[in-house]
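In the working numbering, the protein residues as written are 1 to 200. Glycine included, C-beta positions come from ideal geometry on N, C-alpha and C. First up is the structure itself, then whatever we jot down about it.
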Amino acid sequence: MNKYGLKATFIALFAAIICVGCFIKIPLGVIPIVLQNVLCILCAVLLGGIWGGAPTALFLLAGLIGLPVYSGGSGGIAVWLGPTGGFLPGYLIGAVAAGFIAGRPSLEEKKITFKTALRVSLAIIAGMVILYIPGVIRFSYWASAAGKVPAEKTALAYTMGACVIPYIPGDLLKTALAIPLALKLRPVLAQYLYEDTDQD
1 MNKYGLKATF IALFAAIICV GCFIKIPLGV IPIVLQNVLC ILCAVLLGGI
51 WGGAPTALFL LAGLIGLPVY SGGSGGIAVW LGPTGGFLPG YLIGAVAAGF
101 IAGRPSLEEK KITFKTALRV SLAIIAGMVI LYIPGVIRFS YWASAAGKVP
151 AEKTALAYTM GACVIPYIPG DLLKTALAIP LALKLRPVLA QYLYEDTDQD
């Protein structure tokens with residue numbers, strides 16, 4: 001199989017892993033930790049560059065056509081139009097950003113340097129932050145339009161309390177686990193997917 005066939009295979013495999021993530025929840029107090037957001041970012045960092053967002057795009061397309069691959073086994077256009085629908089494009093934007101920041105994986109990364117660790121860490125952290133932005137904007141708009149915002153709060157403050165702040169501890173834990181995993185797996189992916197002269 002040539003390198004483009006292998007890339008397509010890994011993209012499909014990573015998309016399937018992200019889809020399966022909709023059924024994985026780690027109970028932690030009142031707020032469970034879900035894995036799909038970090039899986040989107042991790043897969044992007046593993047592939048790197050222009051290929052980084054492809055698994056997330058495939059996952060989002062699968063859900064858009066009705067497959068039950070979104071959080072809790074949901075799917076369809078109704079999820080996109082719902083109050084938390086903004087997080088879905090946020091997954092893709094975060095993944096694309098993380099992939100480009102991380103860059104193409106290389107066999108040289110078998111020897112982990114400070115520069116490599118910093119770049120991969122920044123990519124994952126940036127992706128995890130960026131994915132929230134469209135979701136916060138969409139939920140804030142919905143909360144205002146639906147009259148859900150208490151009089152003593154702004155729409156942004158209400159949204160942060162409902163959709164962001166409770167999930168920060170879980171996201172920090174997922175990020176801490178994703179960074180060493182990405183550092184370990186990137187040179188493995190490079191061995192199969194990239195050649196020294198490949199600039200994709």
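Start and end residues, alpha helix (DSSP H) containing residue i
i, result
"S74", "Per DSSP, S74 belongs to no alpha helix (DSSP H) and is neither H nor E."
"R186", "168-193"
"G90", "87-102"
"T9", "3-20"
"A44", "36-47"
"L156", "155-159"
DSSP-derived helix/strand/coil call for residue i
i, result
"I133", "helix"
"I112", "coil"
"K25", "strand"
"V149", "coil"
"I65", "coil"
Through-space distance from residue j to residue i, alpha-carbon basis
i, j, result
"S227", "R138", "Only positions 1 to 200 of the chain appear in this structure, which leaves residue 227 out of reach."
"I165", "T175", "15 Å"
"L201", "I179", "For the chain, the structure presents residues 1 to 200; residue 201 sits outside this window and is missing."
"I41", "K110", "21 Å"
"Y141", "G5", "42 Å"
"V69", "V79", "11 Å"
Proximity of residue i and residue j at Cβ, strictly below 8 Å
i, j, result
"L46", "L185", "yes"
"A15", "G53", "no"
"G76", "G66", "yes"
"A44", "G86", "no"
"G135", "C163", "yes"
Within-8 Å CB hit, residue i to chain D
i, result
"T113", "The structure shown contains no chain D; it holds only a single protein chain."
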